[in-house]
Structures are given as structure tokens and as C-alpha cells.
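Q: Residues are numbered in our numbering as their position in the sequence shown, beginning at 1, plus a constant of 61. From the three backbone atoms N, C-alpha and C, an ideal C-beta is built for every residue, glycine too.
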Amino acid sequence: MELIDVKARTVELAKQAALEELDLKDDARVDWEILQEPTKGFLGVGRQDAIVRAKRKPAKRRRSRGGRGGKGPKGRARRDPTAGATKQRSRRPPRGKGPQSSPPKPAHRNNRRKQKPAATSLEEQEGAAQNFLTGLLEAIAMKGEVHTRSEEDLIVAKIEGDETEVLVGQRGSGIEALHTIAKSVIKRKTSGGARLRLDIAGYGRRRREALAIYATGLVEQVTAEGGELMLEPMNAADRKVIHDTVSKHDEVRSFSEGEAPQRYVVIAYTG
């Protein structure tokens with residue numbers, strides 16, 4: 062029974078991505094569980110996405126009705142599994158006489174189903190990302206360019222162009238939704254599991270700059286007041302920006318606590 066957790070801007074987007082990953086069209090065939098409701102956060106920092114758990118429902122099976130013989134529950138006839146076994150043996154032709162039954166053929170088809178799909182190279186996954194994003198711009202008649210590169214287990218994709226900024230969405234909601242769909246497409250096309258980093262119209266760079274300014278202000282506050290300051294939960298990329306900014310100041314230090322997606326940064330005064 063297949064079970065996946067999907068993270069997206071809204072519950073609806075998460076459910077849509079889950080159906081695509083499970084290769085289903087009818088949400089009635091899925092048991093849904095909302096693990097986390099989305100929250101806006103403060104000034105775009107500490108915002109939480111929706112997390113939905115999707116579990117494919119098992120296929121319904123028909124119950125076989127009992128044949129003649131002893132009666133089971135509710136007066137239904139139940140077949141005795143040993144009935145007729147003796148007669149069956151008596152009709153078997155003696156060894157060496159009569160037609161011989163051929164041995165069963167090996168189930169090659171079942172063996173093929175158990176084989177795992179071949180590993181997909183990072184270059185093929187990068188190509189799938191390039192084709193999907195380029196096709197998206199063509200489908201909506203938007204002028205822009207798609208640039209991709211790969212390193213280790215990461216695919217970096219950038220969409221550039223004056224018209225493409227509309228895809229960013231409010232506080233990056235469009236990027237997150239497109240990121241979720243692109244990941245699902247790459248997995249379906251290539252069966253690969255590489256990480257994907259998506260940036261549109263330089264939004265990622267601008268956000269890093271804004272977070273650095275935000276973290277500098279927090280460092281000044283902790284330096285003046287002492288003690289510790291706990292930030293709202295952030296994703297790994299945003300936490301790294303906070304840590305890098307704090308590391309430039311000797312009077313304070315930073316560390317992360319909690320479990321994702323509720324992991325957060327603490328800035329502490331060291332004197």
C-alpha cells in the first residue's frame with residue numbers, strides 16, 4: 062500500500078501533486094490526512110506550507126461463496142477442502158501410461174515485475190526538468206529562457222526573462238507550486254530522485270539578501286539586550302542564510318532546534 066507525504070503552498074496544491082505522483086485521477090481512491098495546515102508567518106519569514114499525507118486505498122476483493130458441504134456461519138454452505146481428494150487420485154493414470162501433463166512454465170512475467178527499474182542518470186533528470194520548464198513557457202506564450210545545471214545529486218534550474226516574474230507569485234508561492242509539480246514530473250518521466258532547486262527572475266537571490274538584512278537586525282537586537290532570540294520555523298535554505306549572517310559577528314552565535322518542518326533558528330548572545 063503506497064503512502065507519501067507532500068508539501069505545497071496550499072492543501073489543494075499538495076493533494077494535486079500527490080495524485081500526480083501516485084498516478085491517480087480520482088481522489089476518492091486515496092485516504093487523505095492533513096499533517097500541517099499552511100500559515101502565512103511574519104513578512105514572509107517563518108511561513109509554513111501545507112503537508113498532506115496520501116495513502117492509496119487497496120483494491121476491493123470479492124469474497125468467494127462457499128460451495129456445498131458443511132455449513133459455515135449464517136447457514137451458508139462451506140466446502141470441505143479435503144472432499145473429493147480421494148476420487149481425484151483414483152482417476153490419475155498410472156505412471157508411464159496415458160498422457161503426461163507438462164510441467165508448468167516459469168512465470169517470467171511475474172519475475173519481470175519484481176525487477177527494479179534501472180537507475181536514471183542525473184543528466185537525464187536534468188533534461189526532463191529542462192524540457193518541462195521550456196514547454197511550460199511555450200504553453201503559456203511567455204518569453205523567457207530556461208537554464209539548468211547539475212552537481213552531485215542536485216539539479217539547479219533558473220527561469221529568466223522580464224515576463225517571468227509573474228510566475229514567482231505572492232511571497233514565492235508560485236515558485237513553490239511550480240517546484241512541486243516539476244519534481245513530480247521529473248520522477249514520473251525518469252524515476253529519478255535528485256533534488257531540485259528552482260529560481261525564477263532572480264527571486265531566490267533577492268530573498269537571500271532580504272533575509273541577510275533581517276538577520277543583521279536581529280543580531281543587533283540580541284547584542285544590545287543579551288539572552289536568546291528564537292525565530293519562527295524556516296526551511297533549510299533560509300536557515301543557512303541566517304547562520305551565515307550570524308557567523309560574521311563574534312558577540313553572538315546561532316544554532317537550529319526542532320524537527321522539520323518545525324525546525325527553527327536560535328540566536329544567542331555570547332558576550
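Residue range of the beta strand (DSSP E) that residue 299 falls in?
A: Premise fails: residue 299 lies in the alpha helix (DSSP H), 297-307, not in any beta strand (DSSP E).
Q: Just confirm the distance between the C-beta atoms of residue 83 and residue 114, as a whole number of angstroms; I'd bet it's less than 8 Å.
A: Between residue 114 and residue 83 the Cβ distance is about 12 Å, and since that is not below 8 Å, they are no contact.
Q: Helix, strand or coil for residue 213, going by three-state DSSP, please let me know.
A: Here residue 213 sits in coil by DSSP.
Q: Look at the alpha carbon of residue 281 and the alpha carbon of residue 312, and state the distance between them as a whole number of angstroms.
A: Spanning the two alpha carbons is a distance of roughly 10 Å.
Q: Could you tell me the alpha carbon to alpha carbon distance between residue 235 and residue 98, rounded to whole angstroms?
A: C-alpha separation (whole angstroms): 18 Å.
Q: To the nearest angstrom, report how far apart residue 168 and residue 316 are at their CA atoms.
A: Low confidence applies to residue 168: its pLDDT is 49, below 50, so where it sits in the model is not reliable, and the reading given next is rough at best. Spanning the two alpha carbons is a distance of roughly 56 Å.
Q: Where do the N-terminal and C-terminal ends of the alpha helix (DSSP H) with residue 70 fall, by residue?
A: Run containing residue 70: none; DSSP gives neither H nor E here.
Q: Based on DSSP bridge pairs, tell me the residues matched to residue 317.
A: BP columns for residue 317 point to 326.
Q: Residue 333 by DSSP, collapsed to three states: which one?
A: As displayed, the chain neither begins before 62 nor continues past 332, which places residue 333 out of reach and without an answer.
Q: Got a sec? Which residues, its chain only, sit under 7 Å from residue 279 by beta carbon, not counting five neighbours each side?
A: Cβ within range, chain order: 290, 328.
Q: Is it buried or exposed, residue 201, if we count other Cβ atoms within 10 angstroms and call 16 or more buried?
A: Classification for residue 201: exposed.
Q: For residue 81, collect the residues of the same chain with a Cβ closer than 6 Å to its Cβ; drop the 5 residues on either side in sequence, then sort them by chain order.
A: Taken in chain order, the residues that qualify are 245.
Q: Answer with buried or exposed for residue 306, where buried requires no fewer than 16 other C-beta atoms within 10 angstroms of its C-beta.
A: That one is buried.
Q: In the DSSP assignment, what residue or residues form a beta bridge with residue 109?
A: Paired residues: 100.
Q: Give the straight-line distance between the Cα atoms of residue 226 and residue 276, rounded to the nearest whole angstrom.
A: Their backbone Cα atoms lie some 26 Å apart in a straight line.
Q: Can you tell me where the alpha helix (DSSP H) with residue 266 in it begins and where it stops?
A: Counting along the chain, the alpha helix (DSSP H) containing residue 266 begins and ends at 264-286.
Q: Would you list the residues sitting across from residue 312 in a DSSP beta bridge?
A: BP columns for residue 312 are empty, so no partner.
Q: Quick check: residue 68 and residue 112, are their CB atoms within less than 7 Å of each other?
A: In contact: residue 68 and residue 112 (Cβ atoms closer than 7 Å).
Q: How would you call residue 219, buried or exposed, if buried means at least 16 neighbouring beta carbons within 10 angstroms?
A: Classification for residue 219: buried.
Q: Excluding the five sequence neighbours on either side, which residues of its own chain have a C-beta within less than 7 Å of the C-beta of residue 320, listed in chain order?
A: Hits under 7 Å: none found.
Q: Residue 223: which of 197, 204, 300 sits nearest, CA to CA?
A: Closest option to residue 223, Cα to Cα, is 204.
Q: To which residues of the same chain is residue 189 closer than 6 Å at the C-beta, ignoring the five residues directly before and after it?
A: So the qualifying residues of the chain are 247, 250, 251.
Q: Using beta-carbon positions only, say whether residue 214 and residue 255 come within less than 7 Å of one another.
A: Going by C-beta atoms, residue 214 is nearer than 7 Å to residue 255.
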